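Protein chains in written order, with the numbering used here: chain V, 3 to 257; chain Z, 152 to 485. Ideal Cβ placement from N, Cα and C applies to all residues, glycine included. None of the values given here were measured: they were computed from a predicted structure. The structure appears right after this line, and notes come after that.
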Ligand SMILES: Nc1ncnc2c1ncn2[C@@H]1O[C@H](COP(=O)(O)OP(=O)(O)O)[C@@H](O)[C@H]1O
Ligand SMILES: [Mg+2]
């Protein structure tokens with residue numbers, strides 16, 4: 003199987019604290035990879051390295067065979083790595099529609115047009131509305147992003163990511179903070195993208211049971227290290243994982 | 152033509168007939184100053200309100216405009232040709248300086264741009280003081296202007312300023328509503344996110360810096376025409392602070408707000424200086440300025456236009472909700 007992203011000995015240290023520690027892994031193309039691990043394991047930091055928000059202390063990242071370790075987040079997005087953020091990261095004083103419309107505009111490479119009115123690009127707005135419908139947020143299109151409930155902001159985050167139509171989607175705990183009723187709908191959106199079969203999805207999830215059936219491959223992070231990787235079954239039956247991660251999770255949820 | 156455009160055109164037409172029906176020359180030249188500082192404050196809003204870039208040295212571009220035209224007219228004949236040449240020089244210098252300031256600092260945290268522009272404005276002021284043969288040093292110089300603008304309170308200069316204001320208002324407004332303008336607003340909201348959806352923010356910030364600088368220099372050109380005199384005070388920090396206050400009071404990020412703010416500040420300036428005989432504090436403009444600024448930021452952060460917009464949007468929203476509620480009721484009843 004072709005791998006679309008590969009990391010080699012990927013490491014980042016904040017001061018003395020090594021948050022991601024020598025991760026070498028291939029992300030297979032058009033597959034669904036989940037990243038699991040307890041809080042503070044380094045999952046988000048791993049994404050920040052893949053998407054360029056952080057540069058590694060050591061190691062390299064290749065994308066479609068090209069070394070992208072030194073590229074800016076902008077360039078990586080344009081090459082085809084899109085991401086969503088765990089901590090909601092939208093444009094607070096713009097409308098929901100405008101948030102998504104900007105992403106659609108970027109996808110269509112309208113970058114330096116300064117004399118035409120933005121509504122001349124009606125198709126961008128239509129596409130943005132379509133995406134909002136997909137994530138069940140169309141009724142809030144004209145609210146300010148600031149005024150959304152937490153779960154709605156998460157949906158907006160996903161719509162902005164989908165608008166970019168990148169080869170790779172990095173989703174950082176997309177359902178965190180959503181109400182229980184909302185979660186299945188969002189998982190459905192993700193499942194549908196998976197079923198179309200032309201996108202590589204990497205998803206961070208804290209609650210492992212939710213995504214096991216979606217995943218082709220599972221990576222387990224623990225203290226910044228890659229503890230194990232394999233099919234969901236292999237991970238479920240892996241004893242190190244059981245004792246380190248599942249034990250930890252159990253403690254946490256019962257606490 | 153949108154409804155707001157219609158309203159702006161009507162107001163512009165009313166202002167255009169004003170000098171023909173009203174002949175208080177002091178008030179008319181005051182209104183003209185409002186036009187000039189309206190252009191200047193608008194250019195400041197493009198930075199502060201739309202892109203979220205703070206500048207402490209915006210006066211620099213105003214001064215570049217003023218000195219470019221003054222020197223070119225002074226060194227040559229006072230004809231329309233040299234006025235245009237001076238304006239071109241102003242635009243070129245403002246464009247280059249704003250480009251350099253932007254490229255040097257807009258990659259860094261925001262206060263670097265503020266500090267660099269402040270330093271550059273100081274540098275230009277010193278240069279204007281030292282290059283006596285060209286600038287007349289501290290005292291500045293009186294200049295000849297093209298014949299048509301000789302009468303500073305006549306309708307020609309007044310209408311010229313009004314037309315330039317209107318043209319630049321609509322141009323800048325179109326710019327803010329263009330795809331690029333939308334990216335600028337997103338940068339103001341969340342730079343990092345703009346990068347991660349695939350725009351290089353650096354280009355956009357430099358574009359904003361340049362357009363803002365060039366528009367400000369045009370205000371400086373008109374200013375020098377209206378005074379027929381130039382001295383180093385055009386580079387003073389007071390000029391920047393005036394633009395800041397006009398923008399804040401009128402409403403950041405509204406474009407029309409700063410023009411209204413210019414009106415309020417200019418007229419307040421005028422009337423308060425009349426009160427100087429009553430109490431010394433009215434002579435200390437900067438003290439009043441500080442107080443107004445603090446009050447505005449605390450109680451009125453969105454400014455006049457921003458607050459009105461907010462009320463209007465809320466109303467519209469309520470009406471919509473009201474409609475939906477009655478619709479729901481009707482549906483429930485049927
Ligand atoms: N920018 C940063 N500066 C310093 N420490 C950081 C930074 N980002 C993350 N960390 C630390 O790295 C560790 C991993 O964090 P994170 O990747 O957010 O974990 P996860 O997403 O798995 O919960 C944590 O101990 C966190 O405090
Ligand atoms: Mg995380």
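- Approximately 18 Å separates the beta-carbon atoms of residue 270 of chain Z and residue 394 of chain Z; this is outside 8 Å, ruling out the contact.
- For residue 452 of chain Z, no Cβ of chain V is located within less than 8 Å of the residue's own Cβ.
- In summary, the residues of the segment 316 to 346 of chain Z whose CB is separated from some CB of chain V by less than 9 Å are 322, 325, 326, 328, 329, 330, 331, 332, 333, 334, 336, 337, 339, 340, 341, 343, 344, 345 and 346, in the order they occur in the chain.
- Within the model, the alpha-carbon separation for residue 29 of chain V versus residue 116 of chain V is close to 39 Å.
- With a cut-off of 7 Å, the C-beta of residue 19 of chain V is classified as near ligand 1, since at least one heavy atom of the ligand falls inside that distance.
- A residue is called buried once 16 or more other Cβ atoms fall within 10 Å of its Cβ, and residue 125 of chain V, having fewer, is exposed.
- Taken atom to atom, the span from the alpha-carbon of residue 295 of chain Z to that of residue 189 of chain Z is near 25 Å.
- Residue burial annotation: residue 262 of chain Z is exposed, with fewer than 16 other C-beta atoms found within 10 angstroms of its C-beta.
- Contact between the segment 271 to 288 of chain Z and the segment 378 to 386 of chain Z is established, with three or more Cβ pairs separated by less than 8 Å.
- Here residue 337 of chain Z really is in contact with residue 93 of chain V; their C-beta atoms are around 5 Å apart, less than 8 Å.
- Between the C-alpha atoms of residue 358 of chain Z and residue 254 of chain Z there is a straight-line separation of about 10 Å.
- DSSP places residue 24 of chain V within a strand segment (E or B) once states are collapsed to three.
- Within chain Z, 346 and 347 have C-beta atoms less than 7 Å from the C-beta of residue 75 of chain V, given in sequence order.
- For a cut-off of 8 Å, the C-beta gap from residue 112 of chain V to residue 133 of chain V is around 17 Å, too long to register as a contact.
- Judged by the Cβ position, residue 11 of chain V fails to qualify as a neighbour of ligand 2 at the 7 Å threshold, every heavy atom of the ligand being at least this far.
- By the neighbour-count criterion, in which 16 or more other beta carbons inside 10 Å mark a residue as buried, residue 203 of chain Z falls on the buried side.
- With distances taken between CA atoms, residue 415 of chain Z lies nearest to Z/443 out of Z/430, Z/428, Z/217 and Z/443.
- Taking every residue with its beta carbon within less than 7 Å of a heavy atom belonging to ligand 2 gives, in chain order, V/45, V/46, V/88, V/174, V/175 and V/206.
- Assigned with DSSP and collapsed to three states, residue 417 of chain Z falls in helix.
- Check the Cα spacing between residue 219 of chain V and each of V/208, V/203 and V/226: the tightest is with V/203.
- Close partners of residue 350 of chain Z in chain V (Cβ separation under 7 Å): 76, 108 and 113.
- Residues of chain Z with a Cβ closer than 9 Å to the Cβ of residue 91 of chain V are, in chain order, 341, 343, 344 and 347.
- Using a CB distance cut-off of 8 Å, residue 41 of chain V does not count as an interface residue toward chain Z.
- The beta carbon of residue 200 of chain Z sits closer than 6 Å to those of 403 and 404, all from its chain and outside the five residues before and after it, given in chain order.
- Inclusion of residue 367 of chain Z and residue 212 of chain Z in the CB contact set at 8 Å is warranted, their separation being smaller than that value.
- In the DSSP annotation of this structure, residue 207 of chain V is not part of any alpha helix (DSSP H); the continuous beta strand (DSSP E) holding it starts and ends at 202 to 207.
- When Cβ pairs closer than 8 Å are counted between the two stretches, the segment 206 to 226 of chain V is seen to touch the segment 26 to 44 of chain V, the count reaching three or more.
- Residue 404 of chain Z has its Cβ no nearer than 7 Å to any heavy atom of ligand 1.
- When the Cα atoms are used, residue 67 of chain V and residue 146 of chain V turn out to be separated by approximately 41 Å.
- Taking 9 Å as the Cβ-Cβ cut-off, the segment 44 to 67 of chain V approaches chain Z at 53, 54 and 55, given in chain order.
- A heavy atom of ligand 1 is found nearer than 7 Å to the CB of residue 16 of chain V.
- Counting only the Cα atoms, residue 120 of chain V lies some 41 Å from residue 14 of chain V.
- For residue 356 of chain Z, there is no enclosing beta strand (DSSP E); the residue is found in the alpha helix (DSSP H) stretching over 352 to 378.
- Within the same chain, Cβ atoms closer than 6 Å to the Cβ of residue 225 of chain Z are found at 294, the five residues on either side in sequence being excluded.
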